Amino acid sequence: MIVRKAREEETSSIEAVTLAAYEQYAAVKSEAHWKRYRKGILHTLSEEKKFECMVAEIDGEMAGSVLFYPPNTDVYGGLLKPFPWAEIRLLAVAPSHRRKGVANALLEACEKKSRELGCSYLGLHTDYSMEHAIKLYTKRGYVRFPDNDFYPVKDLHVMAFRKSV
């Protein structure tokens with residue numbers, strides 16, 4: 001497995017992997033919530049590049065991706081103040097590459113990058129429906145940081161986690 005910075009021409013592949021990875025949540029969210037979430041994913045991926053996209057590839061095939069935001073970046077479009085630590089979003093593993101260490105490799109790369117930038121923490125946000133992701137994060141040492149929880153819409157509690165790096 002190779003983890004590296006994404007190339008400009010990989011935008012459509014990153015979008016496809018991310019949507020495929022998150023599609024499982026359509027079954028556990030209301031239709032309206034899933035449509036909003038999917039639209040949000042596409043919007044985030046198309047934003048002016050405030051982030052660095054890291055990808056993992058296995059045998060030349062894109063296996064996963066994650067967005068890495070440096071400290072003091074407006075990660076959530078004004079919903080929260082910028083953090084003095086790095087943040088990740090949209091950690092995605094292609095369904096065909098799950099259980100191969102892709103998520104761990106991407107997280108490790110982001111944790112390393114955070115340390116290189118002199119950050120004390122690497123943060124992330126997720127919601128209650130992403131049980132497997134929460135289990136992965138806690139196993140890797142991420143802890144709840146409720147001071148940074150938020151509600152982008154009335155019925156969605158987005159939970160903050162962070163890890164000392």
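Position 15, counted from 1, in the sequence shown is what full-length UniProt numbering calls 15; the numbers after and before it change by one each time, with no gaps. Cβ coordinates follow ideal geometry from the N, Cα and C atoms, glycine included. Quick caveat, the model's predicted, so the values are computed rather than measured.
Item checked: Own chain residues within Cβ distance below 6 Å of L45, not counting five before or after -> Counting only Cβ-Cβ distances below 6 Å, and skipping sequence neighbours, we find E15.
Item checked: Close Cβ partners of S129 (< 7 Å) along its chain, the five nearest in sequence each way excluded -> Cβ neighbours of S129 beyond the five flanking positions: Y25, V28, K29.
Notebook entry, point to check: Where do the N-terminal and C-terminal ends of the alpha helix (DSSP H) with S13 fall, by residue?
Noted result: Counting along the chain, the alpha helix (DSSP H) containing S13 begins and ends at 11-22.
Item checked: residue 203 to H43 span [Cα, whole Å] -> The displayed coordinates of the chain run from 1 to 165. Any statement about residue 203 would go beyond what the structure contains.
Note to self: Less than 7 Å separating the Cβ of L80 from some heavy atom of the ligand MG?
What the structure shows: What this structure holds is no ligand at all, so the ligand MG is not there to describe.
Margin query: M54 and L106 - do their beta-carbons sit closer together than 8 Å?
Written below: Note that the C-beta distance between L106 and M54 is below 8 Å.
Item checked: Supposed close pair E52, K5 - CB separation, criterion 8 Å -> Rounded, the Cβ-Cβ distance is 6 Å, consistent with contact.
Item checked: Reference N148, options I58, A133, Y142, K81, closest by Cα -> That would be K81, whose Cα lies nearest to the Cα of N148.
Check: Is DSSP giving P95 helix, strand or coil here?
Finding: Residue state, collapsed to three classes: helix.
Item checked: Cβ pair T18, I41 closer than 8 Å -> The Cβ atoms of T18 and I41 lie closer than 8 Å to each other.
Check: So, helix, strand or coil for T73, using DSSP?
Finding: It is coil, neither helix nor strand.
Note to self: Taking the alpha-carbon of R162 as reference, which of Y142, T126, E61, L90 has the nearest alpha-carbon?
What the structure shows: The candidate whose alpha carbon is nearest that of R162 is Y142.
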